[in-house]
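4 protein chains.
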Amino acid sequence: MDFAHSPRVTQLQTQVRRFLDDLVLPANAQWQRYAAAGAYPLDVVEPLKRQAQSLGLWNLFLPRLREQEPGTRLTNLEYAPLAEIMGRVAWSSEVFNCSAPDTGNIELLHRFASHAQTERWLAPLLAGEIRSCFAMSEPDVASSDATNIATRIVRERDAYVVNGRKWFITGAAHPNCRLAVVMGCSGEASGAKAHARHTLLLVPMDTPGLTLVRNVPVMQQQAIDGHCELLFQNVRVPVANRLGDEGAGFALAQARLGPGRVHHCMRSIGQCELALELMSARALERRAFGHALGDFANVQDWIAHSRVEIDQARLLVLHAAWRIDTQGATAARIDVSAIKLVAAQLQTRVLDRAMQVFGAMGLTPDTPLAQLWSWGRAMRFLDGPDEVHLRTIARAELARARAEAGSTSPYLQRWMPPHPDDLGT
Amino acid sequence: MDFAHSPRVTQLQTQVRRFLDDLVLPANAQWQRYAAAGAYPLDVVEPLKRQAQSLGLWNLFLPRLREQEPGTRLTNLEYAPLAEIMGRVAWSSEVFNCSAPDTGNIELLHRFASHAQTERWLAPLLAGEIRSCFAMSEPDVASSDATNIATRIVRERDAYVVNGRKWFITGAAHPNCRLAVVMGCSGEASGAKAHARHTLLLVPMDTPGLTLVRNVPVMQQQAIDGHCELLFQNVRVPVANRLGDEGAGFALAQARLGPGRVHHCMRSIGQCELALELMSARALERRAFGHALGDFANVQDWIAHSRVEIDQARLLVLHAAWRIDTQGATAARIDVSAIKLVAAQLQTRVLDRAMQVFGAMGLTPDTPLAQLWSWGRAMRFLDGPDEVHLRTIARAELARARAEAGSTSPYLQRWMPPHPDDLGT
Amino acid sequence: MDFAHSPRVTQLQTQVRRFLDDLVLPANAQWQRYAAAGAYPLDVVEPLKRQAQSLGLWNLFLPRLREQEPGTRLTNLEYAPLAEIMGRVAWSSEVFNCSAPDTGNIELLHRFASHAQTERWLAPLLAGEIRSCFAMSEPDVASSDATNIATRIVRERDAYVVNGRKWFITGAAHPNCRLAVVMGCSGEASGAKAHARHTLLLVPMDTPGLTLVRNVPVMQQQAIDGHCELLFQNVRVPVANRLGDEGAGFALAQARLGPGRVHHCMRSIGQCELALELMSARALERRAFGHALGDFANVQDWIAHSRVEIDQARLLVLHAAWRIDTQGATAARIDVSAIKLVAAQLQTRVLDRAMQVFGAMGLTPDTPLAQLWSWGRAMRFLDGPDEVHLRTIARAELARARAEAGSTSPYLQRWMPPHPDDLGT
Amino acid sequence: MDFAHSPRVTQLQTQVRRFLDDLVLPANAQWQRYAAAGAYPLDVVEPLKRQAQSLGLWNLFLPRLREQEPGTRLTNLEYAPLAEIMGRVAWSSEVFNCSAPDTGNIELLHRFASHAQTERWLAPLLAGEIRSCFAMSEPDVASSDATNIATRIVRERDAYVVNGRKWFITGAAHPNCRLAVVMGCSGEASGAKAHARHTLLLVPMDTPGLTLVRNVPVMQQQAIDGHCELLFQNVRVPVANRLGDEGAGFALAQARLGPGRVHHCMRSIGQCELALELMSARALERRAFGHALGDFANVQDWIAHSRVEIDQARLLVLHAAWRIDTQGATAARIDVSAIKLVAAQLQTRVLDRAMQVFGAMGLTPDTPLAQLWSWGRAMRFLDGPDEVHLRTIARAELARARAEAGSTSPYLQRWMPPHPDDLGT
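Each protein sequence line maps, in turn, to chains A, B, C and D.
Count along the first sequence from 1, then add 112; that gives the number in the working numbering.
Count along the second sequence from 1, then add 112; that gives the number in the working numbering.
Count along the third sequence from 1, then add 112; that gives the number in the working numbering.
Count along the fourth sequence from 1, then add 112; that gives the number in the working numbering.
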């Protein structure tokens, strides 16, 4: 057991942090102005992408599966601290071609795409030429129980026809978004089991019948790249656009989630660190009743609790990344539920404290806090609401208890002194 | 970065766990009966000590400072998971000669004792022949601020005379307790600074004038080895009984705390694991309203939160142990405050949930839960109340913020768009 | 709507408070000494009972049902603030003949006893000559779901035969306890519905076959009047000892609960007030880091939160008492669940804060805090665990929602703007 | 003590609720569309105002001070339940001419305005012809400590000159806003005491030098009537525009706060009731894992806790209103701090639960929840942050403890048995 990062990771941390501080942060005000005006800030992002690529800070998230493949050869455990740094400026991931949902889609295609699919979609995604989205959640059912997903995929000869409504589809409003990876139910008629009914399709964004209905505001904020509502009305794609097998959609989507959640969680932790940094600075500067806010023991408690909660959460996420790397995503399934739960709840908790230290200013766009809180709040649903993860973790724990000892722990059986009333009854 | 334990640690974990399950646990009912009757269960403990010693499971906590010294050569990081196992049966540490406060006292003597002190006290402590206590807390002042400590140590020629009252002195009621390491104020007259006024003395328990006033119950429970109130009335010891220099008492006591807190925290985590195990078993077995308790989502939430909180806390403690090992106790000072805070609060939280799942039975001696909760509650004061640790952590965080950026983070300065009202005012 | 107490209540408050401060409190140390020695302090209690009775401070809890009956003619709303005062010294209720479980048993007998039962049991209970207990909870089933109660009552000619095990039977160890009101299942064979199977019997404590197995410690504390485990082995009582009808046990027990819970809750609130008073006094007196504890903002927050939580809870309990008085116990069923939930959780919360302000001393018998916390913790199970009350309240709320609007609130239907994608699809 | 509303209040509750359901709610979608388009919905509001006025549902908040004055003669306690109903649709208060900050300004003018001020400002405010704002908070200081307020008011002959920056000035962007009541520091030079330095001025919104800098978004939402930043650059008003005496600003502002906070709190409670209603409806309708969400015990717990917390908070607010009515605003100062604290924290808590039950939809504009949460979050600062109210409440409690018993409660002194070690030392 060793908690030290390798020299390579330490060096990359320095490089990414310097890139962020020296190049991304100074561009932030301009990025925000574009976004506030409703225009995607390609002018800001594209030059930074080229710089990052030229420095090799590109596709850092992608483990190499086979020789002579793209990818940095970083493990998830090695990439994680870099994602944490990127979290400090929400839009910076795109600069390094490490944005969700592209990262997950790239992994999916990397592992399961046909040759033609690789050429058409994976190559330009890896080059940062196009963006993509992943269309799973639906407004009319509780997507927390993914077997509820109702968008219908019907085969008609050599094509699939898609009908349904999706929402909270992140990135669909990005001007470069060309591809929707769509999860739908293809097997209801065939009577396949609940988890073997769903299929993934690669649907070009310009396919007729696919409408971007609206970019849904989240806590009053409309993300510039969108959390969109998409309507599929008789959307028709060739059978060759199917990713993996019919009915394998669920398994594929699951495989996609592990590393992606590690990235999300580490970015959240980076955002919590930023919030703690801002809250501390504010506590030093702001005065009331004759003292700096940082002299008040309740503000100190918020700062201290934030510090120890962030440190604990980071270790948990790194541990989950290590398990994915060493034992595989399936073995790490519960760990990944745990970090998703912990990081999202942490973010709203730490950000809320920071907003409180800033006073009313903390709710305004004059600090990044309100946006970050709102994103954390959304994270408590995206990739599954807290309650689903709690349920998953608890059921695993109970299953373990059941397997181990029948129902009574020997530590309880042996604890109890023989009943004092054993009178031979 | 690597989260795997070494093969040696893995093997020791197996050995200690097996010893606990096969030898300690079966003796627990008898131990409890003795203790309930007010008699220290030496008959139970001594044979187990000999067995543990013969297996080399002895003084496991003690790092080796120099060649040909006692100690297992285990680092704190390596010992930590063994302490976790010992936590499962509160009295088992003594079997492995790893009990607080002996462990801390042994470390103190190991590092600072004169040759004569080593022979007289350290040797029998390492052999498990005697026990010891550490007399710091006082009833009449807030010991959380240790500069408050008021017991007076006055030098009279070649002797020190001690007057004062101590309480919550753990272990002082153990039948083998022979030594009190006493912290007192020797420098008030000399005008030494607040942190350079205190001195440590080695006071034999049978010194005239030292009275064990009472064994104070904690949450209605009288620990069999005691959280005692001690009265020092003109207690006189030779100057040679001073440990370290005059005025160095504070520095020495601090040095003593790091590893000892790691041990406490890991034992707490072991107790939380036990509570989670019992709560899960109970949730499977107990039924209400037509369902096992484990089917109810609120009970599931308690189990899941306990799981992720325990896992996070364990990683934090292991990380602190690693820092002590690699960077020294002083560098790890804040980490040690953090784990002390986290572990004590975790224990009452997890234990409270477990008691709730057990219903009224959870409050009775029929399970170990009530005792463990009470111990966790006491831990929120022992070695410093939560609030002192929160304060320590917050002040370190604020100091870092102050050092870094003056008062305003560049991430805030650069976040803020230029004020839209910059009208040339 | 008027929040002022009537002059009569105000006067009684003054009288009871003065009695408590001038007569009960000075006797407390002696009471505690007796209890610590395991002897019930009749010598302390009996003279005080006579004094209280002579002042008319007797059976204050008992509303008058009919003319020329015992009872103070106080409503529940009028008695409630007096119960709050009694809460300040746990054992004082007995002095005013207002102790649980006698109060509930007296109400039961008052309403449902036959003439013979009234003479034999109710009269001496009202006179304070005997005490009683109520035997419902069982160790082997989740009594939270009362249909689980398994003690069997079998009729054999003109007698009932009782077999089963009860526990947490409060008051059974009181030296004057003469009567157990026993709930058992009489109707399993007859196939009666789950809530119509149980019957109440009046069982003299000295009936052969009834054994007091043990006085179960709660959080390590053995109540001097007991939370007892009782074993019924072929306990035989005449049919005339049945209270109410066969199968009516549930309905009767429910009827008994409303006022009794108001009393419990108000006493809890009195205990929370006492804790807040002690915590404030300690915060003024104790110093650390150069300040009184009460100068620290986190301690201030605990005090302030305690104040507003106590004030809210008191109003809720008074409101429930008012509803019982004006609309009857059945109409107030949900209110009574709510106050039981709120008061028990409040007590552990406020007491825990108070213990934290006192430091380690807060856990010792040197303050009443540890005992009061433990009682509060027990209250989270007695008369039903929190979870049962939460469930009851939630189901009532959901039933109301279902009744009102089908499933969608007009405030939601009308909130939603017509979908912007209503493209005539 | 009586918890029943009077017949008059009950009838007004019915009337207001019917008005809201039948007239306001149907107009809501249109109101929202206007607002989303950035236009103040006067077309929607004005006809409703005329209807409300014709029904006598007008200025309901205003107690009558003297004979033949405006005002409904409703007490604060009587108006409170009507404010609760208005809370259900945020903009409805305006319809009844009961909006903040007009209500507070009207009260101020009602009590302290000169005849000329009454004619010019109070009359049109009471008629609903104009709106007003109250300019106190400032961006550059912690306004939580109001002595920090720095806007300078300097007298030059028969005029005052104002310089400073204000923000979070609610209502300043309303198209009918004609008047700013401005708090500034007039007494720094004169050396007046901290609480006697501030003066209130009536400043017409069109005074030269007064600029509405921006309408500050709160949690990404720009209120249509604004939380505005105002810049005062050499703003000059006649001395006759002073409200009350020089240096009396603080006392006047305080007087204004009591009833206004009761209104805010009751509206918050109405919003919490709405959230609970929506959450319950959603819990009945939405299904996951084979059950309605309302069948899950964690969702039930949220519903039940919300119910009991809302009920407690309402009683506390009503009690505070009663105290204002019966004992005056000054006597109720702590009560008013308490309700402000409780209601704002309640709102974010209940709304957060409701959002969680709705899933991602709860964060979108498809329900009122996100807006209501955001408003609740802002309420945790408006009229003073939580921490200031906690401090106020705690200091009052500590002052009471100090006054009562010196530092040690008799309940502690008498609790403690004489020390067992009283050995005559």
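Just so it is clear, CB atoms sit at the ideal spot from N, CA and C, and this is done for glycine as well.
Predicted, not measured: the structure shown is a model, and the values here were computed from it.
Could you name the residues of chain C that residue i contacts, counting a contact when the two beta carbons are closer than 8 Å?
| i | result |
| --- | --- |
| GLY406/D | ALA506, LEU510 |
Give the straight-line distance between the Cα atoms of residue i and residue j, rounded to the nearest whole angstrom.
| i | j | result |
| --- | --- | --- |
| GLN333/B | MET295/B | 26 Å |
| ASP534/B | VAL325/D | Only weak support exists for where ASP534/B lies, its pLDDT of 36 falling under 50; the value from the coordinates is given anyway. Answer to the nearest angstrom: the Cα atoms are 10 Å apart. |
| GLN525/B | PRO251/D | 15 Å |
| ALA472/C | GLN483/D | 46 Å |
| VAL201/D | LEU137/D | 7 Å |
| ARG290/A | ALA456/A | 29 Å |
Please say whether residue j and residue i have beta carbons closer to each other than 8 Å?
| i | j | result |
| --- | --- | --- |
| THR460/B | TRP434/B | no |
| THR282/D | GLY370/D | no |
| THR263/A | VAL274/A | yes |
| CYS245/A | ALA292/A | yes |
Taking Cβ positions only, does residue i come closer than 8 Å to chain D?
| i | result |
| --- | --- |
| ALA409/B | yes |
| ALA254/A | yes |
| THR442/C | no |
Tell me, please, whether the CB atom of residue i is closer than 8 Å to any CB atom in chain B?
| i | result |
| --- | --- |
| ALA464/D | A quick correction: the sequence has Asp, not Ala, at residue 464/D. Taking Cβ atoms only, chain B never reaches closer than 8 Å to ASP464/D, which makes this a no. |
| PRO153/C | no |
| ASP423/D | no |
| GLN383/C | no |
| SER249/C | yes |
Strictly under 8 Å for the Cβ-Cβ distance: is residue i near chain C by that measure?
| i | result |
| --- | --- |
| PHE115/D | yes |
| LEU428/D | yes |
From the DSSP output, in three-state form, read off residue i for me.
| i | result |
| --- | --- |
| ASP407/B | helix |
| ASP257/A | coil |
| VAL114/C | In the sequence as displayed, the identity of residue 114/C is Asp instead of Val. Strand. |
| ILE451/C | helix |
| ARG540/D | As shown, chain D starts at 113 and ends at 537. That puts residue 540/D outside it, with no answer to give. |
Strictly under 8 Å for the Cβ-Cβ distance: is residue i near chain A by that measure?
| i | result |
| --- | --- |
| HIS375/B | no |
| ASP413/C | yes |
| THR476/D | yes |
| PRO63/B | There is simply no residue 63/B to check, as chain B begins at 113 and stops at 537 in what is shown. |
| GLU389/B | yes |
| ALA149/D | no |
For residue i, go through chain D and note every residue whose CB falls closer than 8 Å to its CB, in chain order.
| i | result |
| --- | --- |
| SER449/A | Correct list: empty, because the minimum Cβ distance to chain D is about 15 Å. |
Which chain E residues are close to residue i, counting only those with a beta carbon under 7 Å from its beta carbon?
| i | result |
| --- | --- |
| GLU499/B | The question asks about chain E, but that chain is absent: this structure's protein chains are A, B, C and D. |
What residues of chain B sit near residue i, judged by a beta carbon separation below 9 Å?
| i | result |
| --- | --- |
| TRP434/A | MET113, ASP114, PHE115, ALA116 |
If the cut is a Cβ gap below 7 Å, which residues of chain A does residue i touch?
| i | result |
| --- | --- |
| ARG399/D | ALA254 |
Which residues in chain B sit within 8 Å of residue i, going by Cβ to Cβ distance?
| i | result |
| --- | --- |
| VAL351/C | What VAL351/C touches in chain B: nothing, since even the nearest Cβ is about 32 Å away. |
In chain A, which residues lie with their C-beta within 8 Å of the C-beta of residue i?
| i | result |
| --- | --- |
| PRO138/B | ARG526 |
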